[in-house]
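J.: Residue numbers for the sequence shown follow the numbering used here, beginning at 11 and rising by one.
So that we are looking at the same thing, I have put the structure below in structure tokens.
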Amino acid sequence: METVTDGVYLISRGSNAYIVDGDDGVVLVDTGLPKRHGLIIEGLSDIGRSTKDVRAILITHAHFDHFGGAAALRSASDAAVYASHVDAMVIRGDKPAEPPPVLERLPFITSLMTIMPQAASLAVDHIVAEGFDQELPEDFTAIDTPGHTEGHLSYLLNRRGGILFVGDAANNANGSIKRGWFNRSTDTIEGSIHHLASFEFETAVFGHSGPLRSGASAAFCRY
Ligand SMILES: [Zn+2]
């Protein structure tokens with residue numbers, strides 16, 4: 011586990027999950043791959059917390075490598091789960107995850123996807139969207155960043171000059187902001203990255219790359 015900044019910890023194993031420690035308990039942003047939630051439980055224990063302290067799980071998007079541990083962690087705690095309306099349908103198991111068009115064009119890979127690990131479905135307690143996020147814990151706000159999935163959300167925490175939880179809306183490539191892989195719509199993701207650049211935040215953390223610890227919103231403006 012790596013400390014990003016004041017009370018924010020990164021757990022990285024195939025996909026990034028974040029522990030956010032606060033006065034009223036712990037918030038998780040994404041939960042990593044299926045069957046890897048033990049790493050999050052270990053991380054909580056390292057900071058003197060347990061699953062009972064987790065009061066909220068914020069999901070950026072409905073890909074198995076981001077909500078993989080959510081069902082187990084939700085049932086081991088009293089945490090409320092937050093996601094967007096569209097991605098909640100996939101998380102609840104009411105709708106299959108839509109593969110990105112690049113994979114739809116490759117029948118071999120599409121059939122491979124059917125044997126990829128699946129995340130256990132779970133209830134979503136709160137539907138959030140940009141401007142409709144008053145229920146979020148701590149001082150989090152939601153930012154609509156569609157393109158990677160249709161209902162992808164990024165979350166901005168008002169702490170230490172702003173900490174943006176980007177999810178898979180973008181990657182950090184040695185300090186430069188790049189588009190990630192496997193997007194539903196390239197045009198839409200471009201718009202989402204420009205939209206993120208309109209916010210102020212010192213730090214940005216990502217779904218698959220390392221943190222940008224300073225000047226992060228300026229890096230998004232250079233995209
Ligand atoms: Zn993803």
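Quick reminder that beta carbons are idealized off the backbone N, C-alpha and C, glycines included.
A quick note: this is a predicted structure, and the numbers were derived from the prediction, not measured.
#1: Ligand 1 and F175: does the residue's C-beta get closer than 8 Å to at least one heavy atom of that ligand?
#2: Look up F216 in the DSSP assignment and give the residues it is bridged to.
#3: With distances taken between CB atoms, is the gap from A86 to H136 smaller than 9 Å?
#4: Ignore the nearest five residues each way along the sequence and tell me which others in G24's own chain have a CB closer than 8 Å to its CB.
#5: With a CB to CB cut of under 6 Å and the five nearest residues on each side skipped, what residues in its chain are close to T198?
#6: How would you write the range of the alpha helix (DSSP H) that E52 sits in, first residue to last?
#7: Which two residues bound the contiguous alpha helix (DSSP H) that contains C206?
#8: Helix, strand or coil: which one does DSSP assign to D31?
#9: Please classify A183 as buried or exposed, where buried requires at least 16 neighbouring CB atoms within 10 angstroms.
#10: For V37 versus I29, is the C-beta spacing smaller than 9 Å?
T.: The structure says:
#1: For the purposes of this step, residue 175 is taken as the residue at position 165 of the sequence shown. No.
#2: Taking the first residue of the sequence shown as position 1, residue 216 is located at position 206. Answer is G177.
#3: Mapped onto the sequence shown, residue 86 falls at position 76. Mapped onto the sequence shown, residue 136 falls at position 126. Not a contact, by the Cβ cut-off of 9 Å.
#4: Within the sequence shown, the letter at position 14 stands for residue 24. Here the set comprises G42, L43, R46, D75.
#5: Position 188 of the sequence shown, counted from the first residue, corresponds to residue 198. Contacts found: P156, G157.
#6: Position 42 of the sequence shown, counted from the start, is the residue given in the question as residue 52. First-last of the alpha helix (DSSP H) with E52: 47 to 56.
#7: On the sequence shown, residue 206 is found 196 positions in, with the first residue counted as 1. Residue 206 is actually Leu in this sequence, not Cys. Segment 196 to 206, the alpha helix (DSSP H) holding L206.
#8: Taking the first residue of the sequence shown as position 1, residue 31 is located at position 21. D31: strand per DSSP, three-state reduction.
#9: Walking along the sequence shown from the start, residue 183 turns up at place 173. A183 should be labelled exposed.
#10: For this step, residue 37 is matched to residue 27 along the sequence shown. For this step, residue 29 is matched to residue 19 along the sequence shown. In contact: V37 and I29 (Cβ atoms closer than 9 Å).
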